[in-house]
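Protein chains: 2
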Amino acid sequence: MRQLQLSRAFTLMESGPVVLVTTHDGKQHNIMTISWTMVLDFTPEFAITTGEWNHSFAALRKNRECVIAIPTVDMLDQVVGIGTCSGADTDKFARFKLTPVQGKVVKAPLIKECLANIECKVVDIVRKHNIVVLEAVAAYVDPARKEKRTVHAVGDGTFIVDGRKMDRRKMMASKVPDGL
Amino acid sequence: MRQLQLSRAFTLMESGPVVLVTTHDGKQHNIMTISWTMVLDFTPEFAITTGEWNHSFAALRKNRECVIAIPTVDMLDQVVGIGTCSGADTDKFARFKLTPVQGKVVKAPLIKECLANIECKVVDIVRKHNIVVLEAVAAYVDPARKEKRTVHAVGDGTFIVDGRKMDRRKMMASKVPDGL
């Protein structure tokens with residue numbers, strides 16, 4: 068995995084892909100599938116929606132760190148599988164044949180098989196709305212990966228795969244930060 | 068436009084499309100382009116990131132209502148145009164040849180040309196993070212529309228168009244609310 072400038076990390080998240088969020092609770096790793104995410108600015112800050120209903124939430128609240136790993140369409144069955152079982156009784160890395168990799172800053176693991184990984188610190192938890200605010204502290208992409216298409220959950224059990232790209236950089240020049 | 072059950076409204080937003088958000092400030096309509104959105108639960112609640120930097124924010128804060136309109140790929144140049152000029156000096160409905168339609172609940176207009184529209188009330192504004200929490204109060208889709216592909220902003224001036232759909236309803240049955 069190649070390190071990515073933090074100022075570009077939001078471009079991994081802005082299109083709204085389903086992501087995997089890893090935590091480490093002091094004893095073991097866990098992974099949850101999250102579709103409810105939001106970029107908060109042209110900064111490496113993100114929001115995710117989670118709460119007590121996710122086993123990972125306890126580790127997220129206690130250790131205040133996680134990794135957002137971005138899977139691609141070839142991993143969809145793993146992504147759905149991870150989202151439909153619980154870390155309370157399942158070692159999800161073992162069950163779904165994923166490889167944890169130690170990051171540079173946080174104890175939660177990167178996922179080797181993913182297209183991109185973002186190490187994050189918890190900045191704030193807005194309990195009233197179950198919103199967790201994260202700040203990226205390191206980001207990586209796997210430039211060798213051929214499959215780059217992410218998937219977007221519709222919410223009814225169906226998913227939309229990335230299609231063609233359209234370039235509006237010229238029209239957007241006044242709004243996009245320099246260097247992107 | 069055909070009314071959509073409120074319990075399904077989140078499925079219009081969960082995949083993370085770029086949306087148009089309309090407001091009415093008591094005198095005139097306005098529209099902003101927003102890519103930073105998040106579903107908050109299997110309820111018709113959403114979060115959007117916005118603040119003083121958007122002219123629409125004053126109306127949103129004052130009147131505590133808006134419409135989220137979901138455009139499709141054939142509207143991309145309008146979407147980008149709306150996002151790169153200001154309602155402070157532009158009548159965006161006129162400039163971008165869009166038709167405001169009165170909704171049932173809020174004063175902010177639906178956009179006739181969009182695939183779907185969601186009338187929303189502001190539930191809360193989390194100023195610290197520029198997060199506005201919305202509750203849907205009515206939702207509509209245009210079943211006659213042929214083009215249904217939405218677009219997802221990457222954040223660098225490029226966009227990803229919806230590609231193929233994949234069905235994982237059976238695997239997801241334990242997680243998806245009944246009736247979806």
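Residue numbers (the working numbering), protein chains in the order written: chain W, 68 to 247; chain Z, 68 to 247.
Virtual Cβ for every residue (Gly too), placed ideally from N, Cα, C.
Practice item. Can you give me the Cβ contacts of Phe163(W) inside the same chain, cut-off strictly under 7 Å, excluding the 5 residues immediately before and after it? Key: Around Phe163(W), the same chain offers Gln145, Gly148, Ile149 as residues with beta carbons nearer than 7 Å, after the five sequence neighbours per side are excluded.
Review point. Should Leu107(W) be flagged as near chain Z, meaning a C-beta pair shorter than 7 Å?
Key: yes
Check your understanding: In the structure shown, what three-state DSSP assignment does Asn184(Z) receive?
Key -> strand
Check your understanding: Cβ of Arg194(W) within 7 Å of Cβ of Val140(W)?
Key -> no
Practice item. Note down, in chain order, all residues in the segment 123-134 of chain Z with a beta-carbon under 9 Å from any beta-carbon belonging to chain W. Key: none
**Study point:** Local Cβ density within 10 Å of Gln103(Z), reported as buried at 16 or more and exposed below that
**Key:** One detail in the question is off: residue 103(Z) reads as Trp in this sequence, not Gln. Answer is buried; the Cβ neighbour count reaches 16.
Review point. Using the beta-carbon count (16 or more within 10 Å), is Pro210(W) buried or exposed?
Key: exposed
Point to revise | Simplified DSSP assignment, three categories, for Asn130(Z) | key: helix
**Study point:** Contact list for the segment 171-202 of chain Z against chain W, Cβ threshold 9 Å
**Key:** Val190, Asp191, Val193, Lys195, His196, Asn197, Ile198, Val200
Exercise for review: Step through the CB atoms of chain W and report whether any lies within less than 7 Å of the CB of Trp120(Z).
Suggested key: no
Practice item. Can you have a look at Ser241(W) and say buried or exposed, based on whether 16 or more other CB atoms are within 10 angstroms of its CB? Key: exposed
Review point. In whole angstroms, what is the alpha-carbon distance linking Val172(W) and Arg75(W)?
Key: 18 Å
Review point. Thinking C-alpha only, which one of Ile135(W), Gln95(W), Arg212(W), Asn184(W) is nearest Asp71(W)?
Key: One detail in the question is off: residue 71(W) reads as Leu in this sequence, not Asp. Of Ile135(W), Gln95(W), Arg212(W), Asn184(W), the residue nearest in Cα terms is Asn184(W).
Point to revise | Nearest residue (CA-CA) to Met239(Z), options Ala220(W), Gln95(W), Leu247(W) | key: Ala220(W)
Practice item. Kindly say whether Gly230(W), judged by its beta-carbon, lies nearer than 7 Å to any beta-carbon of chain Z. Key: yes
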